[in-house]
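Just below is one structure, and these are the notes that go with it.
Protein chains: 2
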Amino acid sequence: MAVYTTLSAAELSALISHYDVGDLISAKGIAEGVSNSNWLIETTSNRYILTMYENRIELSDLPFFLGLLDHLADNGSPVPRTIHDRDGAAFRMIGEKAVALTEFLPGVSIDVPTAQQARAVGAALAGLHDHAADFPGQRPNSMGMAEWQRLFAACGTEGLSRIDPALPELVATELAWLATNWPQDLPRGVIHADLFPDNVLLLGENVSGLIDFYFACTDTIAYDLAVTHAAWSFEKDGTFREDVSRNLIEGYLSQRTLSEAEWQALPVLARGAAIRFIATRAYDWLHTPADALVMRKDPMDFARRLRFYAAQGSTVFAATR
Amino acid sequence: MAVYTTLSAAELSALISHYDVGDLISAKGIAEGVSNSNWLIETTSNRYILTMYENRIELSDLPFFLGLLDHLADNGSPVPRTIHDRDGAAFRMIGEKAVALTEFLPGVSIDVPTAQQARAVGAALAGLHDHAADFPGQRPNSMGMAEWQRLFAACGTEGLSRIDPALPELVATELAWLATNWPQDLPRGVIHADLFPDNVLLLGENVSGLIDFYFACTDTIAYDLAVTHAAWSFEKDGTFREDVSRNLIEGYLSQRTLSEAEWQALPVLARGAAIRFIATRAYDWLHTPADALVMRKDPMDFARRLRFYAAQGSTVFAATR
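Heads up: the protein sequence lines correspond to chains F and G, in order. The opening position of the first sequence corresponds to residue 251 in this note's numbering, with each subsequent residue numbered one higher. The opening position of the second sequence corresponds to residue 251 in this note's numbering, with each subsequent residue numbered one higher.
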């Protein structure tokens, strides 16, 4: 969470003048998003989020991300619509950096969800999968199994053992197991792939916004439910929240049916979700100075979730059928 | 500029419930202020800034800062009013940290002012001095000459020379000169003491907000004009902006008269202002890791301004009479 780049008031005003959104009244750099800089912009007509894409976003992916937002919003998902400039462009360049203006959505991110909130999140995720079904864009998952393997290789056995002595063995065993057991031929579609509580805005028990689509891609749809399950169903201390788990899945099922193959695959997909976040967190842990701008996240949080899914995943998901 | 602390949605909602401001709709951590964490809060009734005071603010100073805002706002200065809780308190505690809710003011901070904007800033500063005249609070300047000396001593000759080989000599000579020549017996009152462009909100040519009063104190009033002059009248590359200088002072004079003694003192006060910012920036430069959360500011920017004031200050200020 950071604002990486400074934009002057003159640059902001010049930018805003390319959009039919009135005159600039206020602009505050906000601490949101890890791969870009964001401002909450107020104009004489409305409020908006201005995003400047930093190094971690490929320019060629922007039409997919921004087009997806418009498509989902048109179909009723609570996602921020892209504001197009007077020439119809979804993004503009300031120097070498791309910027986009999107709707401001109300709501706050919560860190300890209620069961009702989890149910609403599950339903919103299924809605997203449903609404994206006829979106023509395609984007490979840049955070798939090949990338997990690459990231762990870059960490090295020595690096992983510095994080936790048990981590190298856990990772090696799990990567081998997942390579053999990863489900094939499940329904594919557009997935969010990173629907952590940070990326959901809630107003009371209702989802008012799904945001930060910068890992969205075309992949196994049920994997997105597994990612969301892994992200939401545990306390800070690692304790499993059965009520959140059950309500998240029941909410999902209220909007989209899971096939028998998807049900069977969920425990495996959840182990994949856990290893995916161990991979990026371990890499960042070893490559980010302890006092840097970006807060490091403990990779072991997801190592504990991985062990949980390996031991109890089948039981937990079966119990929600 | 940072958000140092995370507040959960539950903590935010609990806090907001102590104020008569409606229900929480949105909360965004904003990159504003260097000594505290700030959130832009939207409720069902209005928008507010929530500030959490971090280590650099003394709790015992809060009644002065927050009372001053109310006093200035009551008298017509464009400063954010403090929102008091249902018990009338100007601040509350969350754990060991104090938090306060203040008005949200529109406007953007500009980095390259027009002459007209400089005139408006000068007038707003004089208004502040005028409106604060009957404020009963007192607070010593914690960034006065004794503190400059302490900070430079903490940097050491070796430290200063690492910043620039010429800095130790410049600082030693100037500190000695200022100790002898610092004006006494000038009119005193409440001053902002840090009115950089960052701390002024503008809507077009008008000042819509003066913010960040956390260096405000009781000191020589004309010193505040000198600080503001030093902060506004130079390009990024150090070039003096005569038009900004002249308009800033003319704007000030439109609201408050300078005595003969104040006029005479301005060149000295401006040298003091320059050394004050060299002192804190040099200290921070040597004590902040290059990759830390807070952006370091180059102390040499104000070394150049100091040399300018020493060489041309008398001429520049005399030209504006």
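For each residue, glycine too, the CB sits at the ideal point set by N, CA and C.
Compare the beta carbon distance of T293 of chain G and I266 of chain G with 8 Å and say whether it is the shorter of the two. For the purposes of this step, residue 293 of chain G is taken as the residue at position 43 of the second sequence. For the purposes of this step, residue 266 of chain G is taken as the residue at position 16 of the second sequence. The Cβ-Cβ distance between T293 of chain G and I266 of chain G falls below 8 Å.
So which residues on chain F does D361 of chain G lean against when the C-beta distance must stay under 9 Å? By 1-based counting over the second sequence, the position of residue 361 of chain G is 111. In chain order: T256, S258, A259 and A260.
Does the beta carbon of P356 of chain F sit closer than 8 Å to a beta carbon anywhere in chain G? Along the first sequence, read from residue 1 onward, the residue named residue 356 of chain F stands at position 106. Output row for P356 of chain F: interface = yes.
So which of F:Q367, F:I344, F:A382 and F:L425 has the shortest CA-CA distance to D324 of chain F? Here residue 324 of chain F refers to the residue found at position 74 of the first sequence. Nearest of F:Q367, F:I344, F:A382 and F:L425 to D324 of chain F, Cα basis: F:A382.
Coarse secondary structure for T332 of chain F, derived from DSSP in three states: If you number the first sequence from 1, residue 332 of chain F lands on position 82. T332 of chain F carries a strand assignment under DSSP once its states are collapsed to helix, strand and coil.
Under DSSP, the alpha helix (DSSP H) around V362 of chain G begins and ends at which residues? Mapped onto the second sequence, residue 362 of chain G falls at position 112. Looking at the DSSP string, V362 of chain G is not in any alpha helix (DSSP H), and its letter there is neither H nor E.
Within 10 Å of its beta-carbon, does N296 of chain F have 16 or more other beta-carbons around it, so buried, or fewer, so exposed? Counting from 1 along the first sequence, the entry for residue 296 of chain F is found at position 46. Note on N296 of chain F: under 16 other CB atoms within 10 angstroms of its CB, so exposed under the neighbour-count rule.
Buried/exposed call for Q562 of chain F, threshold 16 Cβ in 10 Å: Along the first sequence, read from residue 1 onward, the residue named residue 562 of chain F stands at position 312. Exposed, by the Cβ-count rule.
What residues in the stretch 300–320 of chain F bring their beta carbon closer than 7 Å to a beta carbon of chain G? Contact annotation: in the stretch 300–320 of chain F, no residue has its CB less than 7 Å from a CB in chain G.
Residues that F484 of chain G bridges to, as DSSP identifies them: As a working note, residue 484 of chain G is residue 234 in the second sequence. Paired residue(s): G:F490.
Using the Cα positions of V362 of chain G and L318 of chain G, report the straight-line distance between them to the nearest angstrom. Position 112 of the second sequence, counted from the start, is the residue given in the question as residue 362 of chain G. Position 68 of the second sequence, counted from the start, is the residue given in the question as residue 318 of chain G. Rounded to whole angstroms, V362 of chain G to L318 of chain G spans 28 Å at the Cα level.
Closer than 7 Å between beta carbons: that is the criterion. Which residues of the stretch 267–286 of chain F meet it against chain G? Across the stretch 267–286 of chain F, CB contacts with chain G closer than 7 Å involve L274, I275, S276, A277, K278, G279, I280, A281 and E282, in sequence order along the chain.
Beta carbon proximity, E455 of chain G to chain F, threshold 8 Å: Translated into the one-based positions of the second sequence, residue 455 of chain G becomes position 205. By this cut-off, E455 of chain G is not an interface position.
Should A290 of chain F be flagged as near chain G, meaning a C-beta pair shorter than 8 Å? By 1-based counting over the first sequence, the position of residue 290 of chain F is 40. For clarity, residue 290 of chain F is Leu in the given sequence; the question names Ala instead. Yes, contact with chain G.
Among the residues of its own chain, which have a CB less than 7 Å from the CB of A571 of chain F, if the five just before and after it don't count? By one-based count along the first sequence, residue 571 of chain F stands at place 321. In the sequence on display, residue 571 of chain F carries Arg and not Ala. Closer than 7 Å at Cβ, skipping near neighbours: W513.
Any C-beta of chain A under 8 Å from that of E261 of chain G: In the structure shown, chain A does not exist; the protein chains are F and G.
Would DSSP call R297 of chain G helix, strand or coil? Position 47 of the second sequence holds residue 297 of chain G. Strand, per DSSP.
May I ask you to report which of helix, strand or coil DSSP gives A636 of chain G? Limits of chain G in this structure are 251 at one end and 571 at the other, which puts residue 636 of chain G out of reach.
Just list the alpha helix (DSSP H) runs in the stretch 358–440 of chain F, keeping only unbroken ones of 4 residues or longer that don't cross its boundaries, in chain order. Complete alpha helix (DSSP H) runs here, min 4: 365–381, 395–413 and 417–431.
Would A532 of chain F pass as a contact of C405 of chain F if the rule is Cβ separation under 8 Å? Looking up residue 532 of chain F in the first sequence gives position 282. Looking up residue 405 of chain F in the first sequence gives position 155. Yes; because the gap between Cβ atoms is below 8 Å, this pair is in contact.
Output the distance between the C-alpha atoms of V440 of chain G and L453 of chain G, rounded to the nearest integer angstrom. Here residue 440 of chain G refers to the residue found at position 190 when the second sequence is read from its first residue. Here residue 453 of chain G refers to the residue found at position 203 when the second sequence is read from its first residue. Their Cα atoms are separated by approximately 25 Å.
So, at 7 Å on beta carbons, what are the nonlocal neighbours of D320 of chain G in its own chain, with the 5 sequence-adjacent residues on each side left out? Locating residue 320 of chain G in the second sequence gives position 70, counting from the first residue. Taken in chain order, the residues that qualify are R331 and T332.
Given this structure, state the Cα-to-Cα distance separating L419 of chain G from D534 of chain G, to the nearest angstrom. For the purposes of this step, residue 419 of chain G is identified with residue 169 of the second sequence, where counting begins at 1. For the purposes of this step, residue 534 of chain G is identified with residue 284 of the second sequence, where counting begins at 1. According to the sequence displayed, residue 419 of chain G carries Glu and not Leu. Taking the Cα positions, E419 of chain G is about 19 Å away from D534 of chain G.
Have a look at I275 of chain F and A560 of chain F and give me their C-alpha separation to the nearest angstrom. Here the question's residue 275 of chain F lines up with position 25 in the first sequence. Here the question's residue 560 of chain F lines up with position 310 in the first sequence. Roughly 53 Å between the two C-alpha positions.
Tell me the residue span of the alpha helix (DSSP H) that contains V518 of chain G. Here residue 518 of chain G is taken as the residue at index 268 of the second sequence, counted from 1. Its alpha helix (DSSP H) spans residues E510 to H537.
What did DSSP end up calling L475 of chain G once you bin it into helix, strand or coil? The residue labelled residue 475 of chain G in the question sits at position 225 within the second sequence. Here L475 of chain G sits in helix by DSSP.
Residues in the same chain with beta-carbon distance under 8 Å from E500 of chain G, minus the five sequence neighbours each way, listed in chain order, please. For the purposes of this step, residue 500 of chain G is taken as residue 250 along the second sequence, with counting starting at 1. Closer than 8 Å at the Cβ level, and outside the excluded window around E500 of chain G, lie R369, G372 and T570.
Report yes if the CB atom of P328 of chain G is closer than 8 Å to the CB atom of S411 of chain G, and no otherwise. Taking the second sequence and counting its residues from 1, the one referred to as residue 328 of chain G is at position 78. Taking the second sequence and counting its residues from 1, the one referred to as residue 411 of chain G is at position 161. Here P328 of chain G is not near S411 of chain G, since their CB atoms are 8 Å or more apart.
Helix, strand or coil, according to DSSP, for V566 of chain G in the structure here? Here the question's residue 566 of chain G lines up with position 316 in the second sequence. Assignment of V566 of chain G by DSSP, reduced to helix, strand and coil, places it in the helix class.
According to DSSP, S287 of chain G sits in a beta bridge with which residue or residues? The residue labelled residue 287 of chain G in the question sits at position 37 within the second sequence. Residue pairing by DSSP places S287 of chain G opposite G:M302 in a beta bridge.
Out of G:A511, G:Q505 and G:F484, which one is the CA nearest neighbour of R557 of chain G? Looking up residue 557 of chain G in the second sequence gives position 307. With distances taken between Cα atoms, R557 of chain G lies closest to G:F484.
So, is A252 of chain G buried or exposed, given that buried needs 16 or more other C-beta atoms within 10 angstroms? The count along the second sequence starts at 1 and reaches residue 252 of chain G at position 2. Reliability of the predicted coordinates at A252 of chain G is poor, the pLDDT of 47 falling under 50, and the value obtained from them is presented with this limitation in mind. Buried.
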